[in-house]
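Q:
Shown next, in the form of structure tokens:
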């Protein structure tokens with residue numbers, strides 16, 4: 578039994594005063610067991626905002642998790658010479674580097690033929706990184722070759738990476754005067770290989786305008802031929818006809834009879850495939866006249 582200090586004092590006060598309160602009556606009023614006072618139910622607290630900085634849904638992606646660009650060299654390659662001083666590679670060093678790079682190309686091709694596509698691209702990416710050291714023309718040609726395989730294998734990320742690299746090279750070359758037409762044509766052909774049609778056509782159009790402004794008929798002919806073949810491959814007969822019509826005019830300005838005949842044949846084919854009979858008839862009539870003037874008009878019967 579638990580007795581509080583106040584109850585004890587009350588007993589002694591009753592005994593001293595003799596006020597008629599018996600000790601037993603007081604003792605009987607004391608509790609026989611400890612009284613347990615229940616606690617009030619807890620009141621719900623207001624929710625606190627979630628300030629957990631580790632919540633991945635609220636955090637931007639960590640830039641460090643972005644995979645590195647496989648075309649960028651992050652560490653020295655064993656095939657690269659390590660001269661003591663910073664200097665260009667010597668012709669002999671470039672020669673041995675080229676041998677090693679060409680061997681990498683063959684290794685990648687062997688892995689690809691063995692259906693080890695991922696391994697093939699790992700090897701080719703190393704080749705491409707080293708091609709950059711050998712020169713931009715080497716790199717562009719290799720980018721187009723590997724990019725075509727990436728497109729054929731539906732490797733979208735690889736195709737995008739290689740296309741972006743070609744765009745960077747194009748921008749760098751466009752800033753150089755005079756432009757390297759051969760290199761820019763190679764870049765446009767690389768776009769073609771990866772089926773980046775808008776990029777290829779845009780670059781060809783720029784080259785065509787530049788060549789005409791400079792009266793460079795040789796480059797103009799190359800670009801028009803590439804444009805005509807590109808549009809023809811994509812069944813864009815109207816645009817292909819424009820390119821070959823310009824080529825025909827260029828050949829006539831040079832009195833190049835063989836080229837004229839070639840372009841007339843192409844135009845006849847384009848108009849036939851494009852269902853443009855009103856344009857095809859004059860071309861076919863001119864072809865008949867030319868065939869009749871030949872010593873052996875072997876192609877005349879099919880046209881009549």
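Residue numbers (our numbering): 578 to 881.
Note that beta-carbon positions come from the ideal geometry of N, C-alpha and C, so glycine has one too.
On a predicted model such as this, the values are computed, not experimentally measured, just so you know.
Just confirm the distance between the C-beta atoms of residue 848 and residue 860, as a whole number of angstroms; I'd bet it's less than 8 Å.
A: By one-based count along the chain shown, residue 848 stands at place 271. By one-based count along the chain shown, residue 860 stands at place 283. That belief holds up - the Cβ atoms of residue 848 and residue 860 are roughly 6 Å apart, short of 8 Å.
Q: Where does residue 741 sit, in a helix, a strand or coil, going by DSSP?
A: Counting from one through the chain shown, the residue named residue 741 turns up at place 164. Residue 741: helix per DSSP, three-state reduction.
Q: In or out: residue 764 buried (at least 16 other Cβ within 10 Å) or exposed?
A: Start at 1 with the first residue of the chain shown, and residue 764 comes out as number 187. Buried: at least 16 other Cβ atoms inside 10 Å.
Q: Classify residue 843 as buried or exposed, calling it buried when 16 or more other Cβ atoms lie within 10 Å of its own Cβ.
A: Start at 1 with the first residue of the chain shown, and residue 843 comes out as number 266. So residue 843 ends up on the buried side.
Q: Terminal residues of the continuous alpha helix (DSSP H) containing residue 835?
A: The sequence position of residue 835 within the chain shown is 258, counting from 1. Secondary structure note for residue 835: its alpha helix (DSSP H) is the uninterrupted segment 834 to 850.
Q: So residue 702 and residue 647 are supposed to be a Cβ contact under 8 Å. How far apart are they, rounded?
A: Along the chain shown, read from residue 1 onward, the residue named residue 702 stands at position 125. Along the chain shown, read from residue 1 onward, the residue named residue 647 stands at position 70. That pair is a contact at about 4 Å.
Q: Is the separation between the beta-carbon of residue 704 and that of residue 678 shorter than 8 Å?
A: In the chain shown, residue 704 corresponds to position 127, counting from 1. In the chain shown, residue 678 corresponds to position 101, counting from 1. A contact, by the Cβ cut-off of 8 Å.
Q: Just how far apart, CA to CA, sit residue 803 and residue 670?
A: Reading the chain shown from its first residue, position 226 is the one you call residue 803. Reading the chain shown from its first residue, position 93 is the one you call residue 670. Looking at the two C-alpha atoms, the distance is approximately 36 Å.
Q: Could you tell me the boundaries of the alpha helix (DSSP H) in which residue 643 lies?
A: Stepping through the chain shown from its first residue, residue 643 is reached at position 66. Run containing residue 643: none; DSSP gives neither H nor E here.
Q: If you scan the region 767 to 795 from start to end, which runs of the alpha helix (DSSP H) of 4 or more residues do you find wholly inside it?
A: 774 to 790
Q: Going by the beta-carbon positions, is the gap between residue 780 and residue 768 smaller than 8 Å?
A: Here the question's residue 780 lines up with position 203 in the chain shown. Here the question's residue 768 lines up with position 191 in the chain shown. Yes; because the gap between Cβ atoms is below 8 Å, this pair is in contact.
Q: Counting pairs of beta carbons, one from the region 658 to 675 and one from the region 719 to 739, are three or more of them closer than 8 Å?
A: They do not touch, by the three-pair rule.
Q: Pick helix, strand or coil for residue 673, following the three-state DSSP scheme.
A: Taking the chain shown and counting its residues from 1, one reaches residue 673 at position 96. In this structure, residue 673 counts as helix in the three-state DSSP scheme.
Q: Given a cut-off of 8 Å on the beta-carbon distance, is the pair residue 770 and residue 724 in contact?
A: Residue mapping note: residue 770 aligns to position 193 of the chain shown, counting from 1. Residue mapping note: residue 724 aligns to position 147 of the chain shown, counting from 1. In this structure, the beta-carbon distance from residue 770 to residue 724 falls below 8 Å.
Q: Let's test the definition: count the other Cβ atoms within 10 Å of the Cβ of residue 601 and tell me whether it reaches 16, buried, or not, exposed.
A: For the purposes of this step, residue 601 is taken as residue 24 along the chain shown, with counting starting at 1. With a pLDDT of 43 at residue 601, under the threshold of 50, the predicted position of this residue should be treated as unreliable, and no value is reported.
Q: Under 8 Å Cβ to Cβ from residue 747, same chain only, skipping five residues before and after it: list those, please.
A: Here residue 747 refers to the residue found at position 170 of the chain shown. Cβ within range, chain order: 761, 764 and 780.
Q: Report all residues from its chain with a CB closer than 7 Å to the CB of residue 772; omit the five preceding and five following residues, and keep chain order.
A: Numbered from its first residue, the chain shown carries residue 772 at position 195. Taken in chain order, the residues that qualify are 728.
Q: Since residue 801 and residue 777 are thought to touch, with beta carbons under 8 Å apart, how far apart are those beta carbons, to the nearest angstrom?
A: On the chain shown, residue 801 is found 224 positions in, with the first residue counted as 1. On the chain shown, residue 777 is found 200 positions in, with the first residue counted as 1. About 14 Å separates the two Cβ atoms, so there is no contact after all.
Q: Which ranges does the alpha helix (DSSP H) cover as unbroken runs of at least 4 residues, wholly within the region 688 to 725, from first to last along the chain?
A: 694 to 711
Q: Quick one: what's got a C-beta closer than 6 Å to residue 817's C-beta in the same chain, skipping five residues either side?
A: Here residue 817 refers to the residue found at position 240 when the chain shown is read from its first residue. 805, 808, 809 and 847, listed in sequence order.
Q: What three-state label does DSSP hand residue 759 in the structure shown?
A: For the purposes of this step, residue 759 is taken as the residue at position 182 of the chain shown. Helix at residue 759.
Q: Do you know offhand how far residue 630's Cα is from residue 782's?
A: If you number the chain shown from 1, residue 630 lands on position 53. If you number the chain shown from 1, residue 782 lands on position 205. Confidence at residue 630 is low in this model, with a pLDDT of 37, below 50, so the placement of that residue is unreliable and no value is reported for it.
Q: Following the continuous alpha helix (DSSP H) through residue 651, name the residue where it begins and the one where it ends.
A: The count along the chain shown starts at 1 and reaches residue 651 at position 74. Careful: residue 651 lies outside any alpha helix (DSSP H) and carries neither H nor E.
Q: What span of residues does the alpha helix (DSSP H) with residue 831 cover, start to end?
A: As a first step, residue 831 is located in the chain shown; it is residue number 254 there, counting from the start. Careful: residue 831 lies outside any alpha helix (DSSP H) and carries neither H nor E.
Q: Below 8 Å between beta carbons: does that hold for residue 828 and residue 814?
A: Here residue 828 refers to the residue found at position 251 of the chain shown. Here residue 814 refers to the residue found at position 237 of the chain shown. Contact flag unset, no.
Q: Can you tell me where the alpha helix (DSSP H) with residue 865 in it begins and where it stops?
A: Counting from one through the chain shown, the residue named residue 865 turns up at place 288. First-last of the alpha helix (DSSP H) with residue 865: 854 to 870.
Q: Can you look up residue 667 in the DSSP assignment and give me helix, strand or coil?
A: As a first step, residue 667 is located in the chain shown; it is residue number 90 there, counting from the start. DSSP places residue 667 in the coil class of the three-state scheme, outside both helix and strand.
Q: Quick one: is residue 685 buried, meaning 16 or more other Cβ sit within 10 Å of its Cβ, or exposed?
A: If you number the chain shown from 1, residue 685 lands on position 108. Buried, because 16 or more other Cβ atoms sit within 10 Å of the Cβ of residue 685.
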